[in-house]
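Protein chains in written order, with our numbering: chain A, 1 to 124; chain B, 125 to 231.
Ideal Cβ positions, reconstructed from N, Cα and C, are used throughout, including at glycine.
Here the structure is a predicted model, which is why all the values come from computation and not from measurement.
Working notes, beginning with the structure itself.
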């Protein structure tokens with residue numbers, strides 16, 4: 001059974017940094033793309049970033065580009081999101097989610113399963 | 125960015141009802157459309173991928189169709205556990221955008 005467990009959330013002041021982690025088990029981690037998706041309080045879902053299975057390619061939402069960095073350690077089955085220059089509008093629940101297998105067609109970019117999420121609150 | 129628009133934003137229905145939720149893309153996304161269910165305090169769960177393929181373990185009362193820009197999710201006979209918020213998501217190109225959600229409530 002695939003499991004994703006996020007950690008690293010918390011309360012942080014605007015302008016500061018935070019690093020989220022997501023440990024994945026029950027799957028060959030290095031075979032799958034991985035994503036971060038967030039949800040602001042009472043709002044909908046917003047895709048944040050993707051890192052391809054081998055770490056070779058990363059893409060970001062415009063709202064976080066230049067401030068957030070997605071990365072992965074395939075030897076430790078762990079996904080990361082380094083968040084810098086945090087803003088109040090970054091306050092959200094952050095989910096990691098498994099993406100497509102590296103052999104899948106390029107457009108099979110659905111998210112399953114998801115972790116339970118970790119709360120990030122940016123406030124002075 | 126590809127804008128995704130769901131309708132309605134909220135819906136009241138009764139157990140046993142048949143309900144349909146619509147999702148429209150701002151440009152053609154072929155069949156690269158996915159549907160998720162989210163219950164309060166829980167992570168989203170994939171229901172449907174590539175417009176009409178049922179994810180493993182999802183009850184057969186859920187079905188979906190569409191291509192190009194217009195898509196639908198149908199629940200054939202609502203069960204108590206189906207009351208939740210539903211999101212569509214396009215997987216055609218980054219950023220992978222979601223619809224704003226449809227909250228399905230008990231009448």
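Taking the beta carbon of residue i as the centre, do at least 16 other beta carbons fall within 10 Å, making it buried, or is it exposed?
i              : result
residue 72(A)  : buried
residue 198(B) : exposed
residue 113(A) : buried
residue 158(B) : buried
residue 37(A)  : buried
residue 152(B) : exposed
residue 164(B) : exposed
residue 206(B) : buried
residue 145(B) : buried
residue 40(A)  : exposed
Let me check one thing: in DSSP terms, what residues is residue i bridge-paired to?
i              : result
residue 152(B) : According to DSSP, residue 152(B) bridges with nothing at all.
residue 46(A)  : 38(A)
residue 19(A)  : 82(A)
residue 71(A)  : 80(A)
residue 58(A)  : 51(A)
residue 5(A)   : 23(A)
residue 158(B) : 213(B)
residue 135(B) : 228(B)
residue 10(A)  : 120(A)
Residue i to residue j, Cα distance in whole Å?
i              : j              : result
residue 110(A) : residue 175(B) : 11 Å
residue 223(B) : residue 77(A)  : 31 Å
residue 5(A)   : residue 89(A)  : 24 Å
residue 103(A) : residue 131(B) : 34 Å
residue 10(A)  : residue 55(A)  : 26 Å
residue 35(A)  : residue 121(A) : 20 Å
residue 29(A)  : residue 119(A) : 24 Å
residue 128(B) : residue 227(B) : 16 Å
residue 216(B) : residue 33(A)  : 15 Å
residue 13(A)  : residue 87(A)  : 8 Å
residue 194(B) : residue 154(B) : 10 Å
residue 167(B) : residue 117(A) : 7 Å
residue 92(A)  : residue 101(A) : 27 Å
residue 253(B) : residue 63(A)  : For residue 253(B) there is no data in the structure shown, the boundaries of chain B being 125 and 231.
When the Cα of residue i is compared with those of the options, which residue comes out closest?
i              : options                      : result
residue 17(A)  : 121(A), 85(A), 108(A)        : 85(A)
residue 130(A) : 20(A), 52(A), 87(A), 2(A)    : Look at the range of chain A in this structure, 1 to 124, and you will see that residue 130(A) is not part of it.
residue 136(A) : 91(A), 81(A), 105(A), 106(A) : Given a span of 1 to 124 for chain A in the structure shown, any question on residue 136(A) remains unanswerable.
residue 120(B) : 229(B), 230(B), 211(B)       : Because chain B in this structure spans residues 125 to 231, residue 120(B) falls outside the shown range and cannot be described.
residue 204(B) : 125(B), 142(B), 133(B)       : 142(B)
residue 184(B) : 171(B), 196(B), 190(B)       : 171(B)
residue 75(A)  : 27(A), 8(A), 1(A)            : 27(A)
residue 123(A) : 47(A), 79(A), 15(A)          : 15(A)
Run down chain A in chain order and give the residues with a C-beta less than 7 Å from the C-beta of residue i.
i              : result
residue 220(B) : 47, 109
residue 164(B) : None at all; the shortest Cβ gap to chain A is about 11 Å.
For residue i, go through chain B and note every residue whose CB falls closer than 7 Å to its CB, in chain order.
i              : result
residue 114(A) : 167, 168
residue 61(A)  : 219
Could you tell me whether any non-hydrogen atom of the ligand FMN is closer than 6 Å to the CB of residue i?
i             : result
residue 23(A) : Ligands in the displayed structure: none, and consequently the ligand FMN is not present.
By the criterion of Cβ-Cβ separation under 9 Å, what are the contact partners of residue i in chain A?
i              : result
residue 216(B) : 107, 109
Taking residue i as the query, report the chain A residues whose CB atoms sit under 8 Å from its CB, ordered along the chain.
i              : result
residue 210(B) : Those do not exist, as residue 210(B) stays about 11 Å from chain A at its closest Cβ, beyond 8 Å.
Counting only Cβ pairs nearer than 8 Å, list the residues of chain B close to residue i.
i             : result
residue 26(A) : None at all; the shortest Cβ gap to chain B is about 15 Å.
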